[in-house]
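Undergrad: Sharing a structure here in structure tokens format.
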Amino acid sequence: MKALTAITLAAALAVSGTAFASADLAAKNKCNTCHAPDKKMMGPSWKDVAAKNKGQKDAEKMLAEAIVKGGKGKYGKVPMPPQPKAASNEGGH
Ligand code: HEC
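Per the working numbering, the sequence shown starts with residue 1, numbered consecutively.
Now the structure itself:
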């Protein structure tokens with residue numbers, strides 16, 4: 001659960017107003033192909049994600065699920081493909 005937790009933690013940190021803290025991890029998982037810290041690419045910027053989920057109680061849990069399962073319709077027409085790899089980075093290492 002470590003890698004995924006770190007990523008979601010980064011997202012959650014962003015939600016609580018801290019800058020995206022784990023850019024390395026995001027790069028490693030190719031998240032940066034579609035996400036950037038503060039500009040919209042194929043996916044929403046981490047800033048947008050943070051703004052959208054601000055104040056949400058279970059943001060971390062919800063985002064972890066959204067990353068592994070993917071999602072669509074929340075930010076626009078482009079769907080986020082499921083990222084089971086982010087989850088499979090768990091354990092093992
Ligand atoms: C192929 C492009 C693509 C890749 C690769 C990608 N994303 Fe996304 N992501 C998207 C799109 C598009 C959305 C917006 C989906 C929507 O509108 O609901 C999104 C949404 C999200 C959200 C917000 C979910 C929500 O419900 O608020 C998070 C968090 C996120 N991505 C994290 C990640 C992480 C972490 C990775 C790498 C493991 C990743 N993404 C890789 C395209 C991508």
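Beta carbons: idealized from backbone N, C-alpha and C, even for Gly. These numbers were taken from a predicted model, which means no experiment stands behind them.
Run the CB neighbour count on M80, radius 10 Å, all protein chains shown included, and call it buried at 16 or more, exposed below.
TA: buried
Undergrad: Measuring CB to CB, does K40 end up less than 8 Å from D48?
TA: At a Cβ-Cβ threshold of 8 Å, K40 and D48 count as neighbours.
Undergrad: When DSSP labels each residue in this structure, what does M62 get in the three-state scheme?
TA: helix
Undergrad: Would you list the one or two residues that DSSP bridges to G71?
TA: M80
Undergrad: Checking contacts by CB at 8 Å: is G43 closer than that to chain D?
TA: Reference to chain D is not applicable here, since this structure consists of a single protein chain.
Undergrad: Would the beta-carbon of M42 fall within 8 Å of that of C34?
TA: Inclusion of M42 and C34 in the CB contact set at 8 Å is warranted, their separation being smaller than that value.
Undergrad: Out of Q83, G73 and Y75, which has the shortest C-alpha to C-alpha gap to A64?
TA: Q83
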